[in-house]
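**Student:** I'd like to ask some things about the structure below.
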Ligand SMILES: *Cc1c(COP(=O)(O)O)cnc(C)c1O
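Numbering (this note's numbering), first residue to last: 7 to 410.
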C-alpha cells in the first residue's frame, strides 16, 4: 500500500483550512516553523522518505492493522460495526504512526534531540520508543498532575531511555505541558525537533501529522472495499486533538456518500463546566499557535477541562476539524463519561477487546448509530487504542483494588 503526500488539498499555502489554522507564535518560532515547512515539503517529495516510513510501519509498528467485524456489540437489527484495529499497533495506539514519521523528518533535518508533550503518556511513550530505535535523545514534558496519575507510563518512558520533566505551571496538565514544550523548542531550536502529538499547533503541524496518520483511512478504505464490495455508510472516530479522526477521515472526505462522525468527550455533559467538547461547547479562538474552536470563557481565558479519558481531556481541537464542522462535511457529537464507561465494559464482555477509554467514546456513539442505520448501513469505527493503560482508572472508579 503506497502512502504519499497530498499536495492538492487543504491547508492552503499559508496553512489555513478555510478560516482556521495559521501561524500564531512568538517571533523566535517563526523561522523554525518556516524551516520545518521547507523540510517537510522536501521530504514529502522524496520517494525514499516514504519507503523508509512504510518499511518501519510494516516491520516495527505491525501495519496494516486489521479490520474486524464486532458482531456481538449490538442486539437486534443493526448495521454491521467494523473496527479499524489501531489497538494492535506497537505501543498500543495510533500515535506511533505519527512519531515514526516525525522522528524520520527530525533525523533528515540533522536534529539529535526530540521533545514532546504528553497527557496520559501515550504520545510520550510513542516518542520515547522511536527515539530509542533511532538513537536520539528524548525529553518529555508532562503536567505534574499527570505524572502522578500516570506513574506506569512515566516509568515506561524512563525504561525507554527518555527523561520526563514534570510541569508545575497552570493546572499542571496537558495544556501546560504543551506550553512548556513550545517554550523549550524556542530555547533550543538548533538541535531540537518538537514532535507534536496531534493535528494541532501552528502550520505545518496539523498538515504533517495528518499526512502521517492518513495511513489509517487509506488502509481501511481498501480493506472495506475488498471485504464488503462497497464503501461504508459512516466512519466514526473519537476526537481529542483529532489525529486519529483526521487519520481515518482523510481517505473518505472525497466520498460524498460516506458520513463522517467525530465524537468528543462530553465529560459530565456538554453544557456543564466539566467537559472537553471543544467543537460542541467552544468558540473560535487561538490556542497553541493556530485558530480553531477552543473551550474558553467570555474573556478568552482557556477553560479547565474534564473527561474520564486523559487523551480527550484537551481544551482545543485541530483546525481541520473546525473547518469540516463549519463546512458540514463532518458532524461532531459528544458522549459523556458514563456512556463511555458503559461502552468500555460492554466491548470487553461482548468482544473480548478492552478498548482505550478514548475509543470507547466512539464505540458508544456507534452502538446508537448502528441501530438507527439498520442492516443496510455499514459502520467503520476507529479503535484508536487498547485499554490496558486505563484498567487502573476504571478499577479506581469502581472501588476495586489493583496492586500498585
Ligand atoms: C491520544 C489518544 C487519543 C486522542 O488523540 P487524537 O489526536 O484526538 O487522536 C485517542 N485515542 C487514543 C487511544 C489515544 O492514545
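All residues carry an ideal CB built from backbone N, CA and C; glycine is no exception.
With H, G and I counted as helix, E and B as strand and the rest as coil, what does DSSP make of residue 172?
**Tutor:** strand
**Student:** So, with DSSP's three-state summary, where would you put residue 118?
**Tutor:** coil
**Student:** What are the uninterrupted segments assigned as beta strand (DSSP E) that are 3 or more residues long and contained completely in the stretch 280–309, given in chain order?
**Tutor:** 289–293, 296–300
**Student:** Who are the near neighbours of residue 205 in its chain, counting only those whose CB is closer than 7 Å to its CB and skipping five residues on each side?
**Tutor:** The residues 212, 215, 216, 247, 248, 249, 252, 324, 326, in chain order, have a CB closer than 7 Å to that of residue 205 in the same chain once the five nearest residues on each side in sequence are set aside.
**Student:** Do you know how far the Cα of residue 151 is from the Cα of residue 164?
**Tutor:** 18 Å
**Student:** Would you check whether ligand 1 has a heavy atom nearer than 8 Å to the C-beta of residue 128?
**Tutor:** True, at least one ligand heavy atom lies under 8 Å from that Cβ.
**Student:** Please report the Cβ distance between residue 350 and residue 288, rounded to the nearest whole angstrom; I am assuming they are in contact, meaning their Cβ atoms lie under 8 Å.
**Tutor:** Incorrect: roughly 25 Å between the Cβ atoms, too far for contact.
**Student:** How about residue 386 and residue 241: do their beta carbons lie closer than 9 Å?
**Tutor:** Judged by beta-carbon spacing, residue 241 lies within the 9 Å limit of residue 386, meaning their Cβ atoms are closer than that value.
**Student:** Applying the 10 Å Cβ sphere with the 16-neighbour rule, what's the burial state of residue 358?
**Tutor:** exposed
**Student:** Quick one: Cα of residue 38 to Cα of residue 406, how far?
**Tutor:** 48 Å
**Student:** Return helix, strand or coil for residue 312, following the three-state DSSP convention.
**Tutor:** coil
**Student:** With distances taken from CA atoms, which of 175, 396, 95, 331 is nearest residue 265?
**Tutor:** Residue 331 is the option with its Cα nearest to residue 265.
**Student:** Taking only heavy atoms of ligand 1 into account, decide whether any of them is closer than 8 Å to the Cβ of residue 365.
**Tutor:** Taking 8 Å as the cut-off, the C-beta of residue 365 counts as close to a heavy atom of ligand 1.
**Student:** Hey, would you say residue 202 sits closer than 9 Å to residue 90, going by beta carbons?
**Tutor:** It is not a contact, given that the beta carbons lie outside the stated cut-off.
**Student:** How is residue 100 classed by DSSP in three states: helix, strand or coil?
**Tutor:** Under the three-state reduction of DSSP, residue 100 is assigned to coil, being neither helix nor strand.
**Student:** For residue 134, count the other beta carbons within 10 Å of its own beta carbon; 16 or more makes it buried, fewer makes it exposed. Which is it?
**Tutor:** buried
**Student:** For residue 243, collect the residues of the same chain with a Cβ closer than 6 Å to its Cβ; drop the 5 residues on either side in sequence, then sort them by chain order.
**Tutor:** 250, 251, 254, 368, 388
**Student:** Between which two residues does the alpha helix (DSSP H) containing residue 25 stretch?
**Tutor:** From DSSP, residue 25 is part of no alpha helix (DSSP H); its letter is neither H nor E.
**Student:** Between the stretch 61–80 and the stretch 163–177, are three or more C-beta pairs nearer than 8 Å?
**Tutor:** no
**Student:** Can you grab the Cα-Cα spacing for the pair residue 313 / residue 191, in whole Å?
**Tutor:** 28 Å
**Student:** Could you tell me which residues DSSP puts in a beta bridge with residue 145?
**Tutor:** 121, 169
**Student:** When the Cα of residue 400 is compared with those of 97, 363, 258, which residue comes out closest?
**Tutor:** 363
**Student:** Less than 9 Å between the beta carbons of residue 162 and residue 106, yes or no?
**Tutor:** Not closer than 9 Å, so no.
**Student:** Helix, strand or coil: how does DSSP classify residue 136 here?
**Tutor:** Of the three classes helix, strand and coil, the one that applies to residue 136 here is helix, per DSSP.
**Student:** Is the separation between the beta-carbon of residue 271 and that of residue 155 shorter than 9 Å?
**Tutor:** The answer is no: Cβ separation not under 9 Å.
**Student:** DSSP beta-bridge partners for residue 273?
**Tutor:** 342
**Student:** Taking Cβ positions only, does residue 374 come closer than 9 Å to chain C?
**Tutor:** Within the model displayed, chain C is absent; a lone protein chain is all it includes.
**Student:** If you check the beta carbons only, do residue 472 and residue 391 fall under 9 Å apart?
**Tutor:** Nothing can be reported for residue 472: it is not among the residues displayed for the chain, which extend from 7 to 410.
**Student:** What I want to know is whether the C-beta of residue 245 ends up closer than 8 Å to one or more non-hydrogen atoms of ligand 1.
**Tutor:** yes
**Student:** DSSP three-state label for residue 90, please.
**Tutor:** strand
**Student:** When burial is assigned at 16 or more other CB atoms within 10 Å of the CB, is residue 44 buried or exposed?
**Tutor:** exposed
**Student:** Ligand 1 and residue 159: does any heavy atom of the ligand fall closer than 8 Å to the residue's C-beta?
**Tutor:** No, ligand 1 has no heavy atom inside 8 Å of this Cβ.
**Student:** Quick one: Cα of residue 306 to Cα of residue 207, how far?
**Tutor:** 18 Å
**Student:** Beta carbon of residue 162: closer than 8 Å to some heavy atom of ligand 3?
**Tutor:** For the structure depicted, ligand 3 is absent and the ligand set comprises only ligand 1.
**Student:** Let me check you understand the geometry: is the CB of residue 286 closer than 8 Å to at least one non-hydrogen atom of ligand 1?
**Tutor:** no
**Student:** For ligand 1, any of its heavy atoms closer than 8 Å to the Cβ of residue 214?
**Tutor:** no
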